[in-house]
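Chemist:
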Ligand code: SF4
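Numbering (our numbering), first residue to last: 7 to 463.
1) Whose CA, out of 412, 395, 396, lies closest to the CA of residue 403?
2) Can you tell me which of the three DSSP states residue 113 falls into?
3) Got a sec? Which residues, its chain only, sit under 8 Å from residue 170 by beta carbon, not counting five neighbours each side?
4) Do the segment 355-375 and the segment 309-325 make contact, defined as three or more Cβ pairs closer than 8 Å?
5) What residues match up with residue 263 in a beta bridge as DSSP calls it?
6) If you measure from the CB of residue 249, is any heavy atom of ligand 3 nearer than 8 Å?
7) Is any heavy atom in ligand 1 found nearer than 8 Å to the beta carbon of residue 481?
8) Just to check my reading of the structure: residue 342 and residue 383 have Cβ atoms closer than 8 Å, yes? What is that Cβ distance to the nearest angstrom?
9) Taking contact to mean 3 or more Cβ pairs, one atom from each stretch, closer than 8 Å, check whether the segment 236-255 and the segment 193-208 are in contact.
10) Is the beta carbon of residue 45 sitting closer than 9 Å to the one on residue 85?
11) Are there three or more Cβ pairs, one per stretch, closer than 8 Å when the segment 31-47 is compared with the segment 108-125?
12) Distance, Cα to Cα, residue 89 vs residue 168?
13) Quick one: grab the DSSP three-state call for residue 383.
14) Taking just the CA atoms, how far does residue 33 sit from residue 132?
15) With a threshold of 8 Å, establish whether the CB of residue 111 neighbours any heavy atom of ligand 1.
16) May I have the straight-line CA-CA distance separating residue 56 from residue 72, to the nearest angstrom?
17) Apply the 10 Å Cβ neighbour rule to residue 270 and answer buried if 16 or more other Cβ atoms are within range, or exposed otherwise.
18) Checking the sheet assignment: what are the DSSP bridge partners for residue 154?
19) Compute the Euclidean distance between the alpha carbons of residue 360 and residue 187, then round it to the nearest angstrom.
20) Could you please give me the residues that DSSP links to residue 272 through a beta bridge?
21) Among residues of its own chain, excluding the 5 on either side of residue 115, which ones have a beta-carbon nearer than 7 Å to its beta-carbon?
22) Should the segment 446-462 be called in touch with the segment 381-397, which here means at least 3 C-beta pairs below 8 Å?
23) Decide if residue 50 is buried, meaning its Cβ has at least 16 other Cβ atoms within 10 Å, or exposed.
24) What is the DSSP secondary structure of residue 336, counted as helix, strand or coil?
25) Please list the terminal residues of the continuous beta strand (DSSP E) segment that includes residue 87.
26) Straight-line CA distance for residue 144 to residue 157?
27) Is residue 374 closer than 9 Å to residue 399 when the C-beta atoms are compared?
28) What do you get for residue 273, buried or exposed, if any count of 16 or more other CB atoms within 10 angstroms of its CB means buried?
29) Quick one: residues in its chain with C-beta nearer than 7 Å to the C-beta of residue 362, no 5 flanking neighbours on either side, listed in chain order?
30) Would you check whether ligand 1 has a heavy atom nearer than 8 Å to the C-beta of residue 165?
31) Taking the runs of the alpha helix (DSSP H) that are 4 residues or longer, which of them lie wholly in the segment 338-417?
32) By alpha-carbon positions, which one of 417, 395, 432, 113 ends up nearest to residue 406?
33) Taking the alpha-carbon positions, what's the residue 220 to residue 203 distance?
34) Assuming residue 65 and residue 349 form a contact by the criterion Cβ under 8 Å, report the distance between their Cβ atoms to the nearest whole angstrom.
35) Check the DSSP bridge columns for residue 460 and list the partner residues they point to.
36) So the alpha helix (DSSP H) residue 105 belongs to, where does it begin and stop?
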């Protein structure tokens with residue numbers, strides 16, 4: 007008679023917020039899988055639901071509270087973790103029945119809370135964890151977190167008070183994780199942290215041995231080593247740097263992009279351009295020569311894509327400051343821009359700054375910056391029509407009912423997943439899969455996306 011094992015307890019997970027939070031969710035789930043838990047795709051089948059919250063903006067807190075409310079209503083056995091977990095009293099006041107509340111990065115506490123709520127089956131002897139850990143992102147791209155926390159104190163941000171000062175991971179550990187991910191099928195690595203250019207500042211760029219060479223915990227060394235990884239079929243994965251500040255040493259990674267070792271893409275959250283606003287924001291690497299540097303970067307690597315985010319309506323921002331920002335954008339010609347209306351975050355010093363602006367002014371400036379950046383983006387994308395560009399497939403479509411042709415949603419090197427545009431492809435042919443990288447001809451463009459077809463041999 008076959009031995010009947012009891013069913014493993016099932017965990018549901020709701021992951022809110024930024025990619026960094028998603029990485030935390032993956033880590034928690036990887037640990038729970040190795041402890042013998044299974045995942046539940048819905049509330050009904052879950053023995054416990056984990057809600058990994060975001061508490062960055064008041065609107066994110068609202069969303070987190072809504073998600074907790076939904077999980078309570080649908081399942082009732084809920085553990086809350088993540089950034090909003092630092093406000094346990096707010097959560098408990100609203101949902102006294104939650105089983106446990108733990109804060110950001112308290113992996114052990116959250117795993118222990120799950121063990122208490124729904125004990126694991128002892129001696130689960132099957133290795134349930136896939137090679138490379140459990141991932142919530144599609145197999146072909148992965149976030150690679152290189153540090154936690156931040157040494158800056160931007161006046162609108164509470165991340166340092168939630169996550170603490172910068173703590174960098176060892177370079178050999180980061181590279182080992184990246185290598186495993188690439189061996190397990192990752193074709194695109196997205197390097198994330200709160201401040202990628204500050205990597206290793208806290209450890210004095212602690213050098214370690216990697217493949218017989220000494221490498222420092224430094225963005226340039228990291229970028230160079232990541233650029234040398236290869237998949238099992240000898241494909242060079244795309245390597246994208248996110249949350250980079252324009253410190254002088256950023257200039258050293260641009261030649262790596264020109265040489266094809268790094269994806270020619272920089273995500274630099276400038277947030278503003280007017281000196282007085284940047285000063286009030288207490289932004290790092292806030293210096294006047296950024297425009298010159300951008301021009302130099304483009305001279306070295308003409309195809310570089312620069313993505314950024316901006317906050318409009320910051321306290322004290324005058325019409326002249328805002329106009330300065332619009333003129334700066336005309337000059338900088340950034341490829342991808344996200345804009346936000348300033349929103350006070352509980353506990354952030356910026357809330358006490360004089361000169362808070364009425365909502366109508368924020369809204370009007372927001373509309374103007376969106377119009378400006380959409381026009382720049384549209385012109386840049388138009389200029390790509392007729393070019394041959396490499397793309398990576400995110401999803402292959404169903405065959406057309408009439409002629410059987412298959413389309414796909416892909417991205418170019420200028421598009422980070424989930425935040426930038428797409429390249430919509432027609433007639434990709436049989437046998438294409440998510441993660442395939444190949445050349446396409448760009449046939450059309452709109453404000454944010456491109457349209458094309460594979461290059462015919
Ligand atoms: S750099 Fe500024 S905005 Fe970014 S996490 Fe640090 S303090 Fe916050």
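Ideal Cβ positions, reconstructed from N, Cα and C, are used throughout, including at glycine. Here the structure is a predicted model, which means the values were calculated and not measured.
Modeler: Judging by the given coordinates:
1) Within the chain shown, numbered from 1, the residue matching residue 403 stands at position 397. The shortest Cα separation from residue 403 among 412, 395, 396 belongs to 412.
2) Here residue 113 is taken as the residue at index 107 of the chain shown, counted from 1. Three-state DSSP puts residue 113 in a helix.
3) Working through the chain shown from its first residue, we reach residue 170 at position 164. Answer for residue 170: 154, 155, listed in chain order.
4) yes
5) Here residue 263 is taken as the residue at index 257 of the chain shown, counted from 1. Answer by DSSP bridge pairing: none, since residue 263 is not bridged.
6) As presented, the structure is devoid of ligand 3, carrying ligand 1 as its sole ligands.
7) No answer is possible for residue 481: the residues shown for the chain start at 7 and end at 463.
8) Position 336 of the chain shown, counted from the first residue, corresponds to residue 342. Position 377 of the chain shown, counted from the first residue, corresponds to residue 383. Correct: roughly 7 Å between the Cβ atoms.
9) yes
10) The residue labelled residue 45 in the question sits at position 39 within the chain shown. The residue labelled residue 85 in the question sits at position 79 within the chain shown. It is not a contact, given that the beta carbons lie outside the stated cut-off.
11) yes
12) The sequence position of residue 89 within the chain shown is 83, counting from 1. The sequence position of residue 168 within the chain shown is 162, counting from 1. Straight-line Cα distance between these residues: approximately 7 Å.
13) Counting from one through the chain shown, the residue named residue 383 turns up at place 377. The answer is helix: DSSP assigns residue 383 an H, G or I state.
14) Translated into the one-based positions of the chain shown, residue 132 becomes position 126. Translated into the one-based positions of the chain shown, residue 33 becomes position 27. Confidence is the limiting factor: at residue 132 the pLDDT is only 41, short of 50, which leaves the residue's position unreliable, though a coordinate-based value still follows. When rounded, the distance between both Cα atoms is 19 Å.
15) Within the chain shown, the letter at position 105 stands for residue 111. False, no ligand heavy atom lies under 8 Å from that Cβ.
16) As a working note, residue 56 is residue 50 in the chain shown. As a working note, residue 72 is residue 66 in the chain shown. Those two C-alpha atoms are separated by around 14 Å.
17) For the purposes of this step, residue 270 is taken as residue 264 along the chain shown, with counting starting at 1. Flag for residue 270 reads buried.
18) Looking up residue 154 in the chain shown gives position 148. Partner(s): 173.
19) As a working mapping, residue 360 is identified with position 354 in the chain shown. As a working mapping, residue 187 is identified with position 181 in the chain shown. Taking the straight line from one Cα to the other gives about 48 Å.
20) Counting from one through the chain shown, the residue named residue 272 turns up at place 266. Answer is 247, 312, bridged to residue 272.
21) Within the chain shown, residue 115 is the residue found at index 109, counting from 1. These residues qualify, in order along the chain: 108.
22) yes
23) Here residue 50 refers to the residue found at position 44 of the chain shown. Looking at its Cβ environment, which holds fewer than 16 other Cβ atoms inside 10 Å, residue 50 is exposed.
24) As a position in the chain shown, residue 336 is number 330, starting the count at 1. Note: residue 336 maps to helix in three-state DSSP.
25) Within the chain shown, residue 87 is the residue found at index 81, counting from 1. Taken as a continuous stretch (DSSP letters only), the beta strand (DSSP E) holding residue 87 covers 84-88.
26) Stepping through the chain shown from its first residue, residue 144 is reached at position 138. Stepping through the chain shown from its first residue, residue 157 is reached at position 151. Using only the alpha carbons, I get a separation of about 32 Å.
27) Working through the chain shown from its first residue, we reach residue 399 at position 393. Working through the chain shown from its first residue, we reach residue 374 at position 368. Going by C-beta atoms, residue 399 is not nearer than 9 Å to residue 374.
28) As a working mapping, residue 273 is identified with position 267 in the chain shown. It is buried - the Cβ of residue 273 has at least 16 other Cβ atoms within 10 Å.
29) Taking the chain shown and counting its residues from 1, one reaches residue 362 at position 356. 321.
30) As a position in the chain shown, residue 165 is number 159, starting the count at 1. Answer for residue 165: yes, Cβ within range of ligand 1.
31) 365-388
32) The residue labelled residue 406 in the question sits at position 400 within the chain shown. Of the listed residues, the one whose Cα sits closest to residue 406 is 432.
33) Taking the chain shown and counting its residues from 1, one reaches residue 220 at position 214. Taking the chain shown and counting its residues from 1, one reaches residue 203 at position 197. Cα-Cα distance, rounded: 20 Å.
34) Position 59 of the chain shown, counting from 1, holds the residue named residue 65. Position 343 of the chain shown, counting from 1, holds the residue named residue 349. Their Cβ separation, rounded to whole angstroms, is 7 Å, which keeps residue 65 and residue 349 in contact under 8 Å.
35) Position 454 of the chain shown holds residue 460. Residue 460 pairs with 446.
36) Sequence index remark: in the chain shown, residue 105 carries index 99 (1-based). That residue, residue 105, is in no alpha helix (DSSP H); it is neither H nor E in DSSP.
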